[in-house]
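Some notes on the structure that comes next.
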Amino acid sequence: MNLANKLLLTLVALCAFAGNSVLCRWALAEFAMNPAQFTLLRLVSGAGALAVIVRIAQQKGPRGAFERPKKANWWGALWLTAYAYCFAYAYISLATGVGALILFTAVQMSMLAIGAWRGTRYGAIEIVGILLALSGFLYLVWPQFTAPFTAIAVLLMTLAGIAWGAYSTVGRGSKAPLSDTKTHFVRASLLSSPLLLMGILYSNLHWQPVLLALLSGVVTSAIGYALWFKVLPHLRVTSAAVGQLSVPLIAALGGFLFVGEALSLRFVISSAVTLGGILLVITYRASTAKQ
159 MNLANKLLLT LVALCAFAGN SVLCRWALAE FAMNPAQFTL LRLVSGAGAL
209 AVIVRIAQQK GPRGAFERPK KANWWGALWL TAYAYCFAYA YISLATGVGA
259 LILFTAVQMS MLAIGAWRGT RYGAIEIVGI LLALSGFLYL VWPQFTAPFT
309 AIAVLLMTLA GIAWGAYSTV GRGSKAPLSD TKTHFVRASL LSSPLLLMGI
359 LYSNLHWQPV LLALLSGVVT SAIGYALWFK VLPHLRVTSA AVGQLSVPLI
409 AALGGFLFVG EALSLRFVIS SAVTLGGILL VITYRASTAK Q
């Protein structure tokens, strides 16, 4: 894969990840869509799209990331389900960029915590980076606790990030990441099936929010993951991790362009401190790994 294609695919995949926040917030804020409806449509459409992508790839392309997984447990589906619903309900009250930054920080901190629990020891510079990230995170969310509903939204998005961090840990080292992702989406859809019995899809639905939910499932989830898994083997681990730092910023820009949200000075400062701290941890760990 040449450099231009690698950069293009990486940028598109990162925009897709940020697009999930934009589409969810857009559907909830602009059209007052029920978060459960959005999530169920996202999971089901994502499962269907991933099934098609994996099937085509197995027939036409090299196997690798598209192999049929030898083993897939239900933990991935459980964590994915928890992430998806907490994510959507949090966006009832949170701005797009704020929610994405909370999510990203919680993901990174939870993965660092899981690493520490498994025996990873962090050096002084890494600890400084973690403290910087946490201070930026607290600076961002502290004013949110003055309103009860917003405080609950912060908690839900933090739980979504923890769930996604656990989901990422479960999938680490997979020989068939896209096939595993498809399996998890299918199983998360099955776990969500009781919502059908509750009649959640039979309330008034307009085509605009439904389209946004389907775009989230098919384009920014399924196709986004397919592109990411395609380009990931061609990226250094550090480059992939650093690239993901741009997701909250892209999401904030999307919220500004499509949802009409303002970019506050607090968000800019918090992003610089939080993402700078995480960047410090990533680059230091990469440098020590080379030694």
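Just so we're aligned: 288 in our numbering is position 130 of the sequence shown, and the numbers increase by one with no gaps anywhere. Using N, Cα and C, we set each Cβ at its ideal position, and we do this for glycine too.
Alpha carbon to alpha carbon, how far is GLY257 from ALA240?
16 Å
Exposed or buried, ALA190, counting other C-beta atoms within 10 Å across all chains shown (16 or more means buried)?
Around the Cβ of ALA190, a 10 Å sphere holds fewer than 16 other Cβ atoms; the residue is exposed.
Judging by CA-CA distance, which residue of THR197, ILE211, ALA253, ALA291 is the nearest neighbour of SER422?
ALA253
Spatial neighbours of TYR383 within its chain, please: C-beta separation below 6 Å, excluding the five flanking residues on both sides.
Within the same chain, TYR383 has close Cβ partners THR339.
DSSP three-state label for LYS218, please.
helix
Between which two residues does the alpha helix (DSSP H) holding ILE250 run?
Premise fails: ILE250 is in no alpha helix (DSSP H) and is neither H nor E.
For GLY222, I'd like the list of residues in its chain whose CB is within less than 6 Å of its CB, leaving aside the five on either flank, ordered along the chain.
Below a pLDDT of 50, predicted positions are generally treated as unreliable, and GLY222, at 46, falls in that range; the measurement from the model is reported next regardless. Around GLY222: no qualifying Cβ.
Among ALA444, ILE436, VAL376, ASN192, nearest to HIS364 - alpha-carbon criterion
ASN192
For TYR280, name the three-state secondary structure that DSSP assigns.
coil
Cβ-based burial, SER445 [other Cβ within 10 Å; buried from 16]
exposed
Alpha carbons only, please: which of GLN216, LEU238, ALA171, ASN231 is nearest the one belonging to SER347?
LEU238
Are the CB atoms of GLY287 and GLY401 nearer to each other than 7 Å?
no
Using a Cβ-Cβ cut-off of 6 Å (strictly less than) and excluding sequence neighbours within five positions of LEU438, which residues of its own chain qualify?
GLY287
What's the C-alpha gap between ILE214 and LEU208?
Spanning the two alpha carbons is a distance of roughly 10 Å.
Count Cβ pairs between the region 315-330 and the region 263-274 that sit closer than 8 Å; are there 3 or more?
yes
Where does LEU289 land, buried or exposed, given buried means 16+ other C-beta within 10 angstroms?
So LEU289 counts as exposed.
Tell me whether TRP322 is buried or exposed, calling it buried when 16 or more other Cβ atoms sit within 10 Å of its Cβ.
buried
Figure out for me which residue from TYR247, THR308, LYS218 has the closest Cα to the Cα of SER179.
The residue with the shortest Cα to Cα distance from SER179 is TYR247.
Grab the span of the alpha helix (DSSP H) containing GLN366 for me, first residue to last.
365-373
Can you tell me the Cα-Cα spacing of LEU236 and ALA430, whole angstroms?
33 Å
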